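Number of protein chains: 2
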Amino acid sequence: MPARAKVTREEILDTALRLADEVGLAGLTMRGVGDRLGVTPMALYRHVGDKQGLLDGLVERLLTGELPDPGLPWRERLHRQGAILRAAARRHPQVFPLLLARRAATDAALSARDGVYQALREAGVPEDQVPRVERLLSTFALGFAASEAGGRFRSEQEADADFAFAEELFGQMIESLTAAAE
Amino acid sequence: MPARAKVTREEILDTALRLADEVGLAGLTMRGVGDRLGVTPMALYRHVGDKQGLLDGLVERLLTGELPDPGLPWRERLHRQGAILRAAARRHPQVFPLLLARRAATDAALSARDGVYQALREAGVPEDQVPRVERLLSTFALGFAASEAGGRFRSEQEADADFAFAEELFGQMIESLTAAAE
DNA sequence: ACCTGAACACCGTTCAAGT
DNA sequence: ACCTGAACACCGTTCAAGT
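So the sequences go chain by chain: F and L. Start counting the first sequence at 205; every next residue gets the next number (the numbering used here). Start counting the second sequence at 205; every next residue gets the next number (the numbering used here).
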């Protein structure tokens, strides 16, 4: 008679993310997660591998969210993509630094990147410049969001204004690349 | 007869930084540092407070370096400042993420910021725009260096080229701000 | 003043055992 | 198949004691 599973990977990651939000990354513990689920810490190992696997799962969770509607104009799509990242950083400031430490090659990360590629193409950025511009944008957005999570800005207003300033700047850059291509 | 100090804060931070470089942040241990210094882990507490204090000391260490020669033209000074940060990230990729997690208000960080302020003024950026532009530059540089430390770029060549691309872009932005002010 | 040793309350993880 | 309990080799930190 196979024992019925008491926990799932999903539940474990939910609980771990919530626990990390409350007590920080340093306080995130296999034992703590097990306790909250009413299960021995060793029960988690079958579902997430080990603690490293748990952390990788959290990184996934951070990025899996809505993607911008592909029907929107490119500028708006890029804006939304940035907003999604910043929202994740504000929602899980304790966990967010993991994103920078371990580079994410999850499906969510890859399809976000493809979305930016597509937006840049629509904007008219020459094909051979697209990957570089995407790296520039995503590096900035990631760094900005991480800085925000780390409390580097004095207020959310200041962060909003700074981000809008950067968007304006990058918008101009994209237009100048587009113009040069014609 | 007061016991003579067997270790100093400097030695402790040196050893801790080296140990973290070798075994990563997770492997950095009060006991490990003590062992390397031939001293009980508890001997460290008098000099660095606690483990948090040790980590804070490492963040200091990361930033305390040479500042760009103030006699150089502003563009070159900004370039050097970026290069210094990236060099720190490449030298201590394991430790670098700490910089983003805990915002650094060390003397070194503050005088780097003042240096950038000064460079922007020399470039002709209007005074009321200086802090915002500095935040933009430092956020980008920090995020870029952290991404580099995290292995987000395929090669050092790619990173160099991307950074140069960004510098060009920011240079244009600074010039347009300067022109608008005249 | 500074270091030591023992002790406490934790960790992640293994492994054999249960159902 | 999945969970449990005991055990191992670690942690950071306290506290009284030594010099």
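All residues carry an ideal CB built from backbone N, CA and C; glycine is no exception. All figures in this text were calculated on a predicted structure; none of them were measured in a lab.
Does the region 373-381 of chain F touch the region 312-321 of chain F, meaning 3 or more C-beta pairs lie closer than 8 angstroms? The answer is no - the region 373-381 of chain F does not touch the region 312-321 of chain F, with fewer than three Cβ pairs under 8 angstroms.
Within the chosen definition, does the region 340-350 of chain L reach the region 250-261 of chain L through at least 3 CB pairs nearer than 8 angstroms? Judged by Cβ distances under 8 angstroms, the region 340-350 of chain L makes no contact with the region 250-261 of chain L, as fewer than three pairs qualify.
Burial state of F/A224 (16 or more Cβ within 10 Å): Label assigned to F/A224: buried.
Are L/R295 and F/D366 close, meaning C-beta to C-beta below 8 angstroms? Cβ distance not < 8 angstroms, so L/R295 and F/D366 don't count as in contact.
Kindly give me the distance between the Cβ atoms of F/G375 and F/R279, rounded to whole angstroms, as I take these residues to be in contact under 8 angstroms. With a Cβ gap of about 7 angstroms, F/G375 and F/R279 count as contacting.
DSSP on F/D239, reduced to helix/strand/coil? Shown here, F/D239 sits in a helix according to DSSP, grouped into three states.
For L/R356, return the contacting residues in chain F, with the cut-off set at a CB-CB distance below 9 angstroms. Annotation: Cβ neighbours of L/R356 in chain F (cutoff 9 angstroms, chain order): L304, R307, R339, S342, T343 and L346.
Can you check whether the C-beta of L/S159 is within less than 8 angstroms of a C-beta belonging to chain F? Residue 159 of chain L falls outside the range modelled here, since chain L spans only 205 to 386, and no answer is possible.
Between F/M205 and chain L, is the shortest Cβ-Cβ distance under 8 angstroms, so that the two count as touching? Confidence at F/M205 is low in this model, with a pLDDT of 49, below 50, so its placement is unreliable and no value can be given for it.
Near-chain L residues of the region 276-293 of chain F (beta-carbon distance less than 9 angstroms), N- to C-terminal order: Taking 9 angstroms as the Cβ-Cβ cut-off against chain L, none of the residues of the region 276-293 of chain F qualify.
Interface flag, F/A327 vs chain L, CB-CB below 8 angstroms: Proximity of F/A327 to chain L, defined by a Cβ-Cβ separation below 8 angstroms, is not satisfied.
DSSP on F/S359, reduced to helix/strand/coil? Three-state result, F/S359: coil.
Nearest-angstrom Cα distance between F/S315 and L/R213? Straight-line spacing of the CA atoms in F/S315 and L/R213 works out to 47 angstroms.
In the region 207-273 of chain F, which residue ranges form an unbroken beta strand (DSSP E) of at least 3 residues, counting only runs that do not cross its ends? As for any beta strand (DSSP E) of minimum length 3 sitting wholly inside the region 207-273 of chain F, there is none.
For F/I288, which residues in the same chain have their Cβ closer than 6 angstroms to its Cβ, ignoring the five residues on either side in sequence? Annotation for F/I288: G269 place their beta carbon closer than 6 angstroms to its own, counting only its chain and skipping 5 residues before and after.
Rounded Cβ spacing between L/V237 and L/A220 (contact assumed at less than 8 angstroms): Contact annotation, L/V237 with L/A220: C-beta distance approximately 5 angstroms; criterion of less than 8 angstroms satisfied.
Pick out whichever of F/S359, F/V299 and F/R240 has its Cα sitting closest to the Cα of L/A305. Closest by C-alpha distance to L/A305, out of F/S359, F/V299 and F/R240, is F/V299.
Run the CB neighbour count on L/G351, radius 10 Å, all protein chains shown included, and call it buried at 16 or more, exposed below. The residue you asked about is not Gly; residue 351 of chain L is Ser in the sequence shown. Buried is the call here.
Does the Cβ-Cβ distance between L/L259 and L/A308 come in under 8 angstroms? One thing to note: L/L259 has its Cβ no nearer than 8 angstroms to the Cβ of L/A308.
What would DSSP say about F/G375, mapped onto helix, strand or coil? F/G375: helix per DSSP, three-state reduction.
Collapsed DSSP secondary structure at F/A309 in the structure displayed: Correct three-state label for F/A309: coil.
My understanding is that L/L271 touches L/L302, with C-beta atoms under 8 angstroms, so please give their C-beta distance in whole angstroms. Rounded, the Cβ-Cβ distance is 21 angstroms, inconsistent with contact.
Top-ranked residue by Cα proximity to L/A293, from L/R265, L/G275 and L/L282: When only C-alpha atoms are compared, the closest one is L/R265.
For F/H283, which of F/L217, F/S342 and F/Q361 has the nearest alpha-carbon? When only C-alpha atoms are compared, the closest one is F/S342.
Taking Cβ-Cβ distances shorter than 9 angstroms, what residues in chain L pair up with F/M377? For F/M377, the neighbours in chain L by C-beta distance under 9 angstroms run, in chain order, L373, Q376 and M377.
Closest to L/R356 by CA distance: which of L/E372, L/P297, L/Y249 and L/V243 is it? Cα-wise, what sits closest to L/R356 is L/P297.
Strictly under 8 angstroms for the Cβ-Cβ distance: is L/D318 near chain F by that measure? Taking Cβ atoms only, chain F never reaches closer than 8 angstroms to L/D318, which makes this a no.
Which word fits F/M205, buried or exposed, when buried means at least 16 other C-beta atoms lie within 10 angstroms of its C-beta? At F/M205, the pLDDT of 49 sits below 50, so the modelled position is not reliable and the matter cannot be decided from this model.
Closest Cα partner of L/P277 within the set L/E326, L/D239, L/R290 and L/A370: Taking each of L/E326, L/D239, L/R290 and L/A370 in turn and checking the Cα distance to L/P277, the smallest one comes out for L/E326.
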